[in-house]
Ligand code: NAD
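Structural data, given as structure tokens:
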């Protein structure tokens with residue numbers, strides 16, 4: 047049986063093509079993103095007043111490509127709108143070895159710059175440049191997109207670190223659908239460290255029973271059919287179609303694919319919206335929320351850096367209230 051869904055502030059359900067049954071509610075990212083940006087703008091103004099300079103974000107770019115530049119320009123614009131000082135840091139180098147050296151040096155400089163509160167490194171890195179270079183150098187307190195193993199480990203252990211913004215946005219969409227997660231069957235398609243796995247941990251933490259599917263999963267349709275909540279992050283257009291869904295499921299589509307020059311997700315929206323109770327569109331769903339949440343992570347980083355200043359040490363960067371809150375949550379999960 048599908049779980050009860052309370053009505054959140056989203057587009058109203060429309061009627062089916064034949065004027066019959068209601069189709070799924072669309073969970074648009076833009077209204078939620080606006081709310082988040084408004085909060086970030088207020089926090090960033092307060093920060094600037096207190097510190098005499100705005101909070102700072104550094105975007106490290108190692109090899110430019112047209113699509114990544116569009117995304118990066120968008121981040122710069124979003125930062126300007128909420129009073130965050132964002133800058134690109136270009137990494138030079140002719141060979142991957144040069145680029146790795148320059149990348150490490152750039153990140154170390156940014157770690158030491160008190161006006162930089164958060165660092166993101168544009169992915170994917172150029173061929174031959176190892177992610178390990180970033181992981182080995184980035185300060186976990188400035189790692190606002192949650193790629194450092196300390197942040198991944200904090201999430202796994204039930205503490206508050208930084209989680210990847212995309213996984214955070216997908217979870218936020220699940221919350222905004224109003225679905226009750228406690229006891230729900232959640233299926234996550236994709237097991238990457240930036241989307242699938244963090245989501246699986248977060249959904250488990252919220253008392254859903256989680257199945258993680260991946261490229262070697264047998265009989266994907268049978269797994270999908272169990273899902274009260276389905277999150278798809280595989281990077282395969284039309285991987286999930288309406289006939290695979292449990293009626294009333296909440297569907298969050300993280301995928302971004304280009305088909306015939308158009309951006310589409312991993313879910314066949316037209317057939318899925320006839321069966322689901324709520325569904326995110328692509329484009330316009332998880333994407334806008336991801337960039338807004340990244341800005342909110344930056345503000346949290348600024349706050350945590352101040353809290354951690356007297357004892358900046360990797361294992362001790364959590365304010366006590368956060369550890370206690372995590373312990374309380376742990377108790378409620380037993
Ligand atoms: P990835 O390539 O690192 O991981 C894809 C995962 O999907 C893998 O775990 C793989 O096992 C699984 N998979 C692939 N084919 C499958 C299949 N046929 N059946 C079941 N599982 C399959 O990708 P990623 O970085 O996790 O990104 C996933 C998707 O999300 C991509 O389309 C990416 O463009 C998109 N994305 C969106 C945002 C956003 O803001 N909306 C941000 C990042 C990534």
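Residue numbers (my numbering): 47 to 380.
From the three backbone atoms N, C-alpha and C, an ideal C-beta is built for every residue, glycine too.
Can you tell me where the beta strand (DSSP E) with residue 102 in it begins and where it stops?
For the purposes of this step, residue 102 is taken as residue 56 along the chain shown, with counting starting at 1. Residue 102 -> beta strand (DSSP E) spans 102-107.
Pull up the DSSP beta-bridge partners for residue 308, would you.
As a working mapping, residue 308 is identified with position 262 in the chain shown. Its beta-bridge partners are 305.
Sequence-distant residues of its chain with Cβ nearer than 7 angstroms to residue 310 (five each side left out)
One-based indexing of the chain shown puts residue 310 at position 264. Hits under 7 angstroms: 283, 303, 328.
Check this for me: beta carbons of residue 172 and residue 108, under 8 angstroms apart or not?
Within the chain shown, the letter at position 126 stands for residue 172. Within the chain shown, the letter at position 62 stands for residue 108. Their beta carbons are under 8 angstroms apart, which means residue 172 touches residue 108 by this criterion.
Is residue 250 near the ligand MN, judged by its Cβ being under 7 angstroms from some heavy atom?
Judged by which ligands are present, the ligand MN is missing from the structure shown, whose ligands are the ligand NAD.
Would DSSP call residue 225 helix, strand or coil?
In the chain shown, the residue the question calls residue 225 occupies position 179. The answer is strand: DSSP assigns residue 225 an E or B state.
Just to confirm the assignment, what range does the beta strand (DSSP E) spanning residue 187 have?
Translated into the one-based positions of the chain shown, residue 187 becomes position 141. From DSSP, residue 187 is part of no beta strand (DSSP E); its letter is neither H nor E.
Is residue 237 near the ligand NAD, in the sense that its beta carbon is under 7 angstroms from a heavy atom of that ligand?
Start at 1 with the first residue of the chain shown, and residue 237 comes out as number 191. Checking the Cβ of residue 237 against the ligand NAD gives yes.
By Cβ distance below 8 angstroms, which residues in the same chain neighbour residue 262 in space, the five residues on each side in sequence not counted?
On the chain shown, residue 262 is found 216 positions in, with the first residue counted as 1. Cβ neighbours of residue 262 beyond the five flanking positions: none.
Through-space distance from residue 286 to residue 301, alpha-carbon basis
Your numbering for residue 301 matches position 255 in the chain shown. Your numbering for residue 286 matches position 240 in the chain shown. Whole-angstrom Cα-Cα distance: 11 angstroms.
Short Cβ contact (8 angstroms threshold) for residue 277 with residue 305
Taking the first residue of the chain shown as position 1, residue 277 is located at position 231. Taking the first residue of the chain shown as position 1, residue 305 is located at position 259. Against a cut-off of 8 angstroms, the Cβ pair of residue 305 and residue 277 comes out as no contact.
So what's residue 387 in DSSP terms, helix, strand or just coil?
The shown model of the chain, from 47 to 380, leaves out residue 387, and the question about it has no answer.
Could you give the first and the last residue of the continuous beta strand (DSSP E) run that contains residue 297?
Translated into positions along the chain shown, residue 297 becomes position 251. Segment 296-299, the beta strand (DSSP E) holding residue 297.
From this set, 200, 270, 214, which residue's C-alpha is nearest residue 231's C-alpha?
Here residue 231 refers to the residue found at position 185 of the chain shown. With distances taken between Cα atoms, residue 231 lies closest to 270.
If you run the structure through DSSP and keep just helix, strand and coil, what is residue 341?
Taking the chain shown and counting its residues from 1, the one referred to as residue 341 is at position 295. The answer is helix: DSSP assigns residue 341 an H, G or I state.
Enumerate in chain order the residues of its own chain whose CB-to-CB distance from residue 257 is below 6 angstroms, with the five nearest sequence positions on each side excluded.
By one-based count along the chain shown, residue 257 stands at place 211. Correct list, in chain order: 233, 269.
Just grab the DSSP bridge partners of residue 353 for me.
Against the chain shown, residue 353 aligns to sequence position 307. Answer is none; residue 353 lacks a bridge partner.
Would you mind sorting residue 146 into buried or exposed? The rule is 16 or more other CB atoms within 10 Å of its CB.
As a first step, residue 146 must be located in the chain shown, where it is residue number 100. The residue in question, residue 146, is buried, as its Cβ has 16 or more Cβ neighbours within 10 Å.
With DSSP collapsed to three states, give me the class of residue 219.
In the chain shown, the residue the question calls residue 219 occupies position 173. Note: residue 219 maps to helix in three-state DSSP.
Within its chain, find whatever has a CB closer than 7 angstroms to the CB of residue 129; leave out the 5 residues flanking it on each side and keep chain order.
Here the question's residue 129 lines up with position 83 in the chain shown. For residue 129, where only same-chain residues beyond five positions count, the Cβ hits under 7 angstroms are 87, 90, 91, 94, 100.
Quick check on residue 193: does DSSP put it in helix, strand or coil?
Working through the chain shown from its first residue, we reach residue 193 at position 147. Coil, per DSSP.
At least 3 beta-carbon pairs within less than 8 angstroms: the segment 68-88 vs the segment 331-347:
yes
For residue 174, which residues of its own chain have a beta-carbon under 7 angstroms away from its beta-carbon, when the five flanking residues on both sides are left out?
Translated into positions along the chain shown, residue 174 becomes position 128. 142, listed in sequence order.
Assess contact between the segment 114-121 and the segment 68-83, defined as three or more Cβ pairs (one per stretch) separated by less than 8 angstroms. Is contact present?
no
Rounded to a whole number of angstroms, what is the C-alpha to C-alpha distance between residue 324 and residue 264?
Translated into the one-based positions of the chain shown, residue 324 becomes position 278. Translated into the one-based positions of the chain shown, residue 264 becomes position 218. Distance between the alpha carbons of residue 324 and residue 264 is about 26 angstroms.
Do you know offhand how far residue 320's Cα is from residue 349's?
Against the chain shown, residue 320 aligns to sequence position 274. Against the chain shown, residue 349 aligns to sequence position 303. The alpha-carbon atoms of residue 320 and residue 349 are separated by roughly 44 angstroms.
Helix, strand or coil at residue 331 according to DSSP, with G and I counted as helix
If you number the chain shown from 1, residue 331 lands on position 285. Reduced to three states, the DSSP call for residue 331 is coil.
With a threshold of 16 other CB atoms inside 10 Å of the CB of residue 111, please say whether the residue is buried or exposed.
To locate residue 111, count along the chain shown from 1; it is residue 65. The residue is exposed, with fewer than 16 neighbouring Cβ atoms inside 10 Å.
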